[in-house]
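Chemist: In the numbering used here, the protein residues as written are 1 to 389.
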């Protein structure tokens, strides 16, 4: 069987068949759960098969969409279930975990009746994890076309790499639910409200924070807000699912100082930037990821520092809130950036309703409330007001 890859298609001028895709990327909106209303919208992978050699009478054309995930990592034996094969002295050693598992396989057969080309649309499962590749794990998808013809049973094969994207926000027009947290610690009372998800295109995470202290005892010096990225690897053994210690990356924090005459009734909007950089030596944030071997999640860490007193030094109060860091579909993101780059565009400093979704899949322990999806803004619309019932 001869396989035609994309590089061969550029160098060879006489391929009998050719496989093209309308878009090599497919998009899903929201978490991969049945509670997601967007999961009812079936995503299609569309393309065309071209038959260049008119002398060949193909009797079978089969399309296969194949997805697989893999892991390759050194795991300390101390976190693995104890087995008789390991001695006690080897507890500090490591074991290489390496495996590949299938995610999906969707097959469709095309009927060839002598035409020059056949357009196709392949419905994809709604639970697919997004494509991903890093140092220790990967998720990849491939569309394979198998051709057979003639009494001599000639066979040909072509394939295309497909990128699957999962976005937890469909665009800036979505209404984003928020999370409210509150608590009391002796003489310190606080409440915080933040979105359940935010897009990297927004550039920052904003937390609405209220607090009060007993002025006779202590005063707040400053508040620091930072984003944490938690990278967790897991795999299955005979003893069950094993999870490796998470890799936590804490990005630089932003400092906020309370106004001199603030009181407990005031709401403080504390912001921290979302670090995104194209420089290879600069750490950039990753969007939310959940697949069979890897989970990337995020937290907002808010630290309240207090002024020193004559009696003692008071320890800071550390608060952590989960948040989904995602991005918009590339079409939405490109149109958004192009509109901002126009010379006549105006960037408003007023808080705007940025879309937000709770994230997570069935195995992710996060809130699964979903946002209310609103129709996208039409260019011809002259009104910026949204009315909801």
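For every residue, glycine included, the Cβ atom is placed at its ideal position computed from N, Cα and C.
#1: Quick check: is the beta carbon of residue 279 nearer than 8 Å to any beta carbon in chain C?
#2: On the three-state DSSP scale, how would you describe residue 204?
#3: Give a yes or no on contact between the region 57-77 and the region 127-146, applying the rule of three or more CB pairs nearer than 8 Å.
#4: What does a CB cutoff of less than 6 Å around residue 301 pick up in its chain, not counting 5 residues either side in sequence?
#5: Quick check on the DSSP output: the beta strand (DSSP E) that includes residue 187 runs from which residue to which?
#6: Would the region 33-46 count as touching the region 181-194 if we require 3 or more Cβ pairs under 8 Å?
#7: By DSSP's criteria, residue 119 is part of a beta bridge. Which residues make up the other side?
#8: Where do the ends of the beta strand (DSSP E) carrying residue 69 lie?
#9: Near residue 119, what residues of its chain come up, given a Cβ to Cβ distance below 7 Å and the 5 sequence neighbours on each side ignored?
#10: By DSSP, does residue 218 sit in helix, in strand, or in coil?
#11: Buried or exposed: where does residue 185 fall if 16 or more other Cβ atoms within 10 Å of its Cβ makes it buried?
#12: Taking contact to mean 3 or more Cβ pairs, one atom from each stretch, closer than 8 Å, check whether the region 18-31 and the region 97-113 are in contact.
#13: Once DSSP output is grouped into helix, strand and coil, what is the label at residue 40?
#14: Have a look at residue 35 and residue 127 and give me their C-alpha separation to the nearest angstrom.
#15: Quick one: what does DSSP say residue 297 is sitting in, helix, strand or coil?
#16: Can you check whether the CB of residue 76 is closer than 8 Å to the CB of residue 94?
#17: By the DSSP assignment, the beta strand (DSSP E) with residue 108 in it spans what residues?
#18: Do residue 188 and residue 303 have their beta-carbon atoms positioned less than 8 Å apart in this structure?
#19: Sort 101, 98 and 164 by Cα distance to residue 130 and report the nearest one.
#20: Determine the closest residue to residue 222 out of 214, 133 and 255, with distance taken between C-alpha atoms.
#21: Just to confirm the assignment, what range does the beta strand (DSSP E) spanning residue 168 have?
#22: Decide if the region 206-220 is in contact with the region 262-276; the criterion is three or more beta carbon pairs, one per stretch, under 8 Å apart.
#23: Compute the Euclidean distance between the alpha carbons of residue 50 and residue 162, then round it to the nearest angstrom.
#24: Are the CB atoms of residue 53 and residue 102 within a distance shorter than 8 Å?
#25: Which residue from 18, 305 and 307 puts its Cα closest to that of residue 158?
#26: Classify residue 293: buried if its beta carbon has 16 or more other beta carbons within 10 angstroms, exposed otherwise.
#27: What residue ranges within the region 240-296 form continuous beta strand (DSSP E) runs of no fewer than 3 residues, ordered along the chain?
#28: In angstroms, rounded to a whole number, what distance separates the CA positions of residue 253 and residue 272?
#29: What does the alpha-carbon distance come out to for the pair residue 285 and residue 324?
#30: Identify every residue that forms a DSSP beta bridge with residue 27.
#31: With DSSP run on the structure shown, which of helix, strand or coil describes residue 330?
#32: Measuring only the C-alpha atoms, how far is residue 276 from residue 224?
#33: Taking the continuous beta strand (DSSP E) assigned at residue 18, which residues delimit it?
#34: Under 6 Å Cβ to Cβ from residue 138, same chain only, skipping five residues before and after it: list those, please.
#35: Write down the C-beta distance between residue 169 and residue 199 rounded to the nearest angstrom, noting that I regard them as a contact closer than 8 Å.
Modeler: Once the coordinates are examined:
#1: Here there is only one protein chain, and chain C is not present.
#2: Correct three-state label for residue 204: strand.
#3: In the pairwise beta carbon analysis, the region 57-77 is classified as touching the region 127-146: at least three pairs are separated by under 8 Å.
#4: So the qualifying residues of the chain are 226, 228 and 320.
#5: Residue 187 -> no beta strand (DSSP E), and no H or E assigned at all.
#6: Output reads no: the region 181-194 does not touch the region 33-46.
#7: 48.
#8: It spans 58-76 - the beta strand (DSSP E) in which residue 69 sits, taken as one unbroken run.
#9: Short of 7 Å from the beta carbon of residue 119, and not among the five residues preceding or following it, lie these beta carbons of its own chain, in chain order: 48.
#10: For residue 218, the secondary structure class from DSSP, reduced to helix, strand or coil, is coil.
#11: Flag for residue 185 reads exposed.
#12: Not touching, per the Cβ criterion.
#13: Three-state DSSP puts residue 40 in a helix.
#14: Approximately 12 Å, taken between the alpha carbons.
#15: Of the three classes helix, strand and coil, the one that applies to residue 297 here is strand, per DSSP.
#16: Result yes, Cβ atoms of residue 94 and residue 76 sit closer than 8 Å.
#17: Annotation for residue 108: the continuous beta strand (DSSP E) segment containing it runs 94-110.
#18: The Cβ atoms of residue 303 and residue 188 do not sit closer than 8 Å to each other.
#19: Among 101, 98 and 164, the Cα nearest to that of residue 130 belongs to 164.
#20: Comparing Cα-Cα distances from residue 222 to each of 214, 133 and 255, the minimum goes to 255.
#21: Careful: residue 168 lies outside any beta strand (DSSP E) and carries neither H nor E.
#22: Taking 8 Å as the limit for Cβ pairs, the verdict is that the region 262-276 does touch the region 206-220.
#23: Here the C-alpha atom of residue 50 lies approximately 19 Å from the C-alpha atom of residue 162.
#24: Cβ distance not < 8 Å, so residue 102 and residue 53 don't count as in contact.
#25: Put simply, of 18, 305 and 307 the residue whose alpha carbon is nearest the alpha carbon of residue 158 is 18.
#26: Under this definition residue 293 is a buried residue.
#27: Runs of the beta strand (DSSP E) spanning 3 or more residues and lying entirely within the region 240-296 occur at 240-243, 247-250, 254-256 and 268-273, in chain order.
#28: A straight-line Cα-Cα distance of about 7 Å links residue 253 and residue 272.
#29: Note on geometry: alpha-carbon atoms of residue 285 and residue 324 lie some 12 Å from one another.
#30: For residue 27, the pairing in a beta bridge is given by DSSP as 165.
#31: Residue state, collapsed to three classes: helix.
#32: Spanning the alpha carbons of residue 276 and residue 224 requires a straight line of approximately 20 Å.
#33: Element bounds for residue 18: 17-21.
#34: Result list for residue 138: 70, in chain order.
#35: Between residue 199 and residue 169 the Cβ distance is about 5 Å, and since that is below 8 Å, they are a contact.
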